[in-house]
Amino acid sequence: MLELRGITLRYDAPETASATTVLDGIDLTVADGELVVLAGPTGVGKSTLLGVVAGLVPSYTGGTLTGDVLLDGASIVEQPARERAHAIGYVGQNPAAWFVTDSVEEELAFGMEQLGLPAPTMRRRVEETLDLLGIADLRHRDLRTLSGGQQQRVAIGAVLATHPRLLVLDEPTSALDPTAAEDVLATLTRLVHDLGVSVLVAEHRLERVVPFADRLCLLRSDGAVEVGDPAEVLQDAPIAPPLVELGRLAGWQPLPLTVRDARRRAPALKERLGDPPRRDQPAPDADSAVDVRRLVVSHGRTAVLREVDLTLRPGTVTALMGRNGAGKSTLLWALQGRHGAASGTVRVAGQDPARLTPEERRATTGLVPQSPADLLYLETVAAECAAADRAARADAGSCRGLLDRLAPGIDPDRHPRDLSEGQRLALAVAIVLTARPPVLLLDEPTRGLDYPAKRALASLLRELAAEPGAARAILVATHDVEFVAQVADDLVVLAEGEVVSAGPVVPTVSESPAFAPQVTKVLGAGWLRVDDVAARLAAEVAR
Amino acid sequence: MGAGRLARDLHPVAWWVWAVGVAVAASFTTNPLLLLVLLGVITLVVLTCRSDQPWARSFRLYVWLGVVVVVVRILFRILLGGDVPGHVLFTLPSIPLPDWAAGISLLGPFTREELLAATYEGLRLATLLIAVGAANALANPKRLMKSLPPALYEIGTAMTVAISVVPQLADSARRVRAAQQLRGGPEGRFRRIRGVRRLLVPILEDAFDRSLALAAGMDARGYGRTGELTAQQRRRTGALIIAGLIGVCVGVYAFLDSTAPRLLALPMLALGMLLALGGFALAGRRVQRTRYRPDRWQVPELVVAASGIAAGAGMWALQRWETQVAHPGVLVRPEVSLLALVAVLVAVVPVWAAPLPVTAQRREEVRV
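Chains A and B supply the protein sequences, listed in that same order. Under full-length UniProt numbering, the first sequence has 103 at position 103, and the numbering climbs by one with no breaks. Under full-length UniProt numbering, the second sequence has 241 at position 241, and the numbering climbs by one with no breaks.
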C-alpha cells in the first residue's frame, strides 16, 4: 500500500557550499497488514525517514527531498502532513510534547474532529479505542498526570481513533519500562492481526520489537539499505540484540528471534559452556559511600518513597529499576539533596546532602538528569568545559580531559545542541564529574543510544567506578534490562516507592521474568552477557 | 428537573451569561445593602456549583482583588478628598498644590460622607470584578473555547494550547533550575545576569522544541485541513468578514461621534454586522471539522442564564423607577424595596437549578 521510491534527503550548508545527504535512494514497500521494523545505528536517519512518510519532512526540518512516496499507487509526496492524516497516523518520539488537549478523552477525539467525522461515529470510536488500548479508566485524567507508558498508549490511541491504514511509530517503547513496553507492543500486534493495520516502527531496542516483526529494514551508516526477513537481515547487521549475537556465536541457523526459539536450541550450547561464571563480590567491609536508612520522601501528602534502604559502595555500579513513576528519579534527587527526607536518614560520604550548600553537594554527588540538555547553556563545547572548570575550581582542561576519555574527538567549537545524543550525554557527565564527586548518579542515560553506544557507556561506567585511587559509587536508573546486564554489579528494584528486591545482579535478575536479560532467559541463571558466553567458548577452544 | 441534578458540567456560556447579568445588576446600584446581598449570592453559587478543577480555585483571588479595590478606593479618597462638607471624621494636614494644579489639595479633612461614597463605589466595582471571577471559577475555560462558532475554531484551538503552555513552562522551569544546580554557576561581577541566562537558554530552547513538536503533531493529525475548500472560496469568505468588520468600525465611530452623518451610524453598524455574520456563517458552513460531545443547551442552562438576565433587568428597572433605592446617596440610610430584593435574589437560582458539579470524588462514587 505504501511505497517509497528513491527517497533522498539533502541538507545544504550554504557557507561550505557542500551538502549532507541523510537518506540516499531509499526504496521500501509496506504491504497491507504488515509490521515493518526500521533499524539502524544512531543518526542514520530513521526518524527522518518516518517523517518523510508522514509528510513532516522536509516541511518541519528543512532540506531537499527527492524521490516519491506512493500511497496505493498515487503520489502523495507533495501533500502536506495534514492532508495525509486520514490514511497515515504518526506517533512521534516524545508523545507528551504532542498532546494538544488536556484530557484523555478529548485527545482521542482531536484527530477525528479534524477529519470531520460525524459525532456518533466519534463517540463510538473513542469508546472502542479506550477499550482496545486498555485505558478506559483513564478517560477523564489530565494528560500531564499520566505515566510514560500511559501517555504512549494515549498517543497511539489518539492516532488510531481516526482509523489510519498505516501507523508510523518513532521509538514507541524507548521511554517505557519493560512491562509497559510489552503492553504497547502487544497492542500493536493485536492491531496488525485484528484490524489489518500496517505498522512501520523505528526502534533502537531491537530485542523488544524483532519478535513481532514481519520484515526488517536496516539502514546502514554508509547509506545502504537492506530489507528482508529479520533473521536474514540480522545475520551480519552492525546492530543486533543479545539474542542474535548469541545465535551468531553458537552458529545457530536460522538465527533465533524469540527467546522461545533460542531456548529450544540451547541445551547443546549449555553443555559446552558448563557452569555459569563466578562473579567476585567486592569486599563487603568496604566503607559505604551512600547509606540510606528507612527513607521516606513525600510530595504533599503522598509518599513517593517509603522506608527505602540503600547502600552504595565505592567501586560498584548499582542499577535502579522499576515501573515508570515508581520513584526512581525521586530517589536520585534525594541522594543529591534536593528532596529532603520526611523521615529516615540519608548519608552521602558521611553527610546529609539536604543540609549541604549547592557547592558541597556538587562535590559529593554528581547527578546527570534525564534530559542532559537542561545542564547546557553555552554556545560551544569548549565554553561549557571552561565554565565547568571555573565552577569546580579545577585546573583548566580537566573537564575537556574527562570528555576526551568519554567521547574522544568532539570538535570544541561545536554547539552542544548539534551533538549526537550520546555525545551530549558524555558532555553532561564530564561537566558533572569535573567537581570530582565520589558518587555518580545517572537518570535514564541510555535513551536514544544504539547497541555500540550503550556498550561503550557501560564499559566507561565500569571504568569510572573502578578507577584506581578514586573509586566511585555509581547508581544508574534505567529501564534497559540488557544495559543492566552489561553494567551493573547490584540491582535495586523499586515499586510504588518501596524496594521490592535488592542484591547482586545475577540472582535478582533471574528471579523475575520482567527484568531478566535475554541471555539469562535462554541459558538460565548465572549467565548475563553475550561476552561471558564468548569468553567461555574462547577458553574452551584454547583448551 | 430530576435529570438536571445529576453531576455534569453546565454549558460554560450559560455561566458567563449568568455572571454578566449579575455584573450588570451590580453596575446599576450603589446601595451597599443590595451589593452585599449580591456578593453573598455570588459566593453561595460559586461554593455550591464549582468543580474541583484548577480554575475553580481562582475565585479566592478575585475576592482578594475586590477587597483591594475597596481599600484603594478609600485611600485615594483620603489622599485626594478635598473639601466636601459633612461630618469630619479626622483631619490630616492639608497639602495645597501649586496653582497649575488648581483646585486639588492633598489630604486635609476626611468626612463620613466621603468614606461612605468611596466604600459604595468600591463595593460596586468589587462586585463587578467578583462576578467575573465567579464566571472564571465556574465555567471550564477550555470548553468555553470549544463553544466558539466553527469559523473561529483555529483561534479557539490556539487559545487552548496557550492555556496549557503556562503550566508546561512552569514544569520546564522547575526542571531546568534543578538541573542547573547540578553544575556550578558563573562567578564574578555579572553573576546575576549570567545566572538568568543559564536558566533562560535551556527553558527557551525547551519551549521552542516543544512548540515545534506540537505544531508537527497537530499537522500530522490533520489540524488545518482545507479539504475541498478552494482558494477562491477562502478569499470570498475572508473578504466578506473583513468588509463586515470595517463596516462595524465605521458604524461605531459614527455612532459615538455626533458630528458624523447619521447615515454612517446605525445603518452602517447594522450592515457591517450583517456582512461579518454572513462571512462567519459561510466560513462555518465550509468547515469540515466536527465536534466531539459538544455542550448542549438544556433546561438547567436556560434557567441559569435566565436568572442572570433577570437580575440584570430587575436592577435596571430599579434604577429606572426606584432611583432612591438604587442610589441612596450618602446622606440617608440606604433602604431596600421588594423589587430590589427580588432582583438581587433571583441570581441565587443556580444553586438549585444547576447540575451538581463534577468532582473527582463523585467520579469515584460512580465507578463503585
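Every residue gets a Cβ at the ideal spot worked out from N, C-alpha and C, and that includes glycine.
In this structure, residue 154 of chain A sits near residue 104 of chain A, with a CB-CB distance shorter than 8 angstroms. With respect to chain A, the C-beta atom of residue 91 of chain B has no partner C-beta closer than 8 angstroms.
Close to residue 160 of chain B, with beta-carbon spacing below 9 angstroms, are these residues of chain A in chain order: 100, 101 and 102. Residue 94 of chain A reaches chain B at 213, counting residues in chain order whose Cβ is nearer than 8 angstroms.
By the neighbour-count definition (other C-beta atoms within 10 Å, threshold 16), residue 51 of chain B is a buried residue.
Following the DSSP letters along the chain, one finds residue 40 of chain B in no beta strand (DSSP E) but inside the alpha helix (DSSP H) bounded by residues 32-49. Contact check for residue 295 of chain A and residue 346 of chain A: beta-carbon distance about 6 angstroms, within the 8 angstroms limit, so the pair qualifies.
Note that the region 174-185 of chain B touches the region 195-206 of chain B; at least 3 beta-carbon pairs, one per stretch, sit closer than 8 angstroms. DSSP places residue 515 of chain A outside both helix and strand once states are collapsed to three, so it counts as coil. The criterion of a C-beta distance shorter than 8 angstroms is not satisfied by residue 416 of chain A and residue 368 of chain A. At a cut-off of 8 angstroms between beta carbons, residue 12 of chain B makes no contact with chain A.
By the neighbour-count criterion, in which 16 or more other beta carbons inside 10 Å mark a residue as buried, residue 506 of chain A falls on the buried side. The region 482-497 of chain A makes contact with the region 292-310 of chain A; the number of CB pairs closer than 8 angstroms reaches 3 or more. Around the beta carbon of residue 295 of chain B, 16 or more other beta carbons lie within 10 angstroms, which makes this residue buried.
Listed in chain order, the non-local C-beta contacts of residue 304 of chain B below 6 angstroms within the same chain comprise 14, 18, 350, 353 and 354, local neighbours out to five positions each way being set aside.
Chain A places no beta carbon closer than 8 angstroms to that of residue 99 of chain B, leaving this residue out of the contacts.
Neighbours of residue 123 of chain A in chain B, taken as residues whose beta carbon is under 8 angstroms from its own, are 292 and 293 in chain order. Within the region 433-447 of chain A, 434 and 435 place their CB atoms closer than 9 angstroms to a CB of chain B, listed in sequence order. Of all alpha-carbon atoms in B/326, B/161, B/95 and B/100, the one lying nearest the alpha-carbon of residue 106 of chain B is that of B/95. By the criterion of a C-beta distance shorter than 7 angstroms, residue 227 of chain A is surrounded in its chain by 28, 215 and 217, once the five residues flanking it on both sides are discounted. Here DSSP, grouped into helix, strand and coil, assigns residue 351 of chain A to strand.
Near chain B, meaning a CB-to-CB distance below 8 angstroms, the residues of the region 414-432 of chain A are 417, 431 and 432.
Judged by their CB atoms, residue 362 of chain A and residue 437 of chain A are nearer to each other than the 8 angstroms cut-off.
For chain B, none of the residues of the region 173-201 of chain A brings a beta carbon within less than 9 angstroms of one of its beta carbons.
Note on residue 66 of chain A: under 16 other CB atoms within 10 angstroms of its CB, so exposed under the neighbour-count rule. Secondary structure at residue 87 of chain B: coil, using DSSP grouped into helix, strand and coil. Using a CB distance cut-off of 8 angstroms, residue 112 of chain A counts as an interface residue toward chain B.
Ranking A/358, A/182 and A/335 by CA distance to the CA of residue 349 of chain A puts A/335 first.
Residue 2 of chain A and residue 193 of chain A have their C-alpha atoms some 18 angstroms from each other.
Beta bridge pairing from DSSP links residue 443 of chain A with A/477. With a contact defined as Cβ atoms closer than 8 angstroms, residue 9 of chain A and residue 22 of chain A qualify at about 5 angstroms.
Taking a cut-off of 8 angstroms on C-beta distances, the region 516-527 of chain A touches the region 264-274 of chain A, as three or more cross pairs fall below it. Of all residues in the region 352-366 of chain A, only 358, 359, 361, 362 and 366 come within less than 8 angstroms of chain B when Cβ atoms are compared, listed by chain position.
The Cβ atoms of residue 36 of chain A and residue 210 of chain A do not sit closer than 8 angstroms to each other. Within a 10 Å sphere around the beta-carbon of residue 338 of chain B sit fewer than 16 other beta-carbons, which makes this residue exposed. DSSP places residue 463 of chain A outside any beta strand (DSSP E); the residue lies instead in the alpha helix (DSSP H), whose first and last residues are 451-465.
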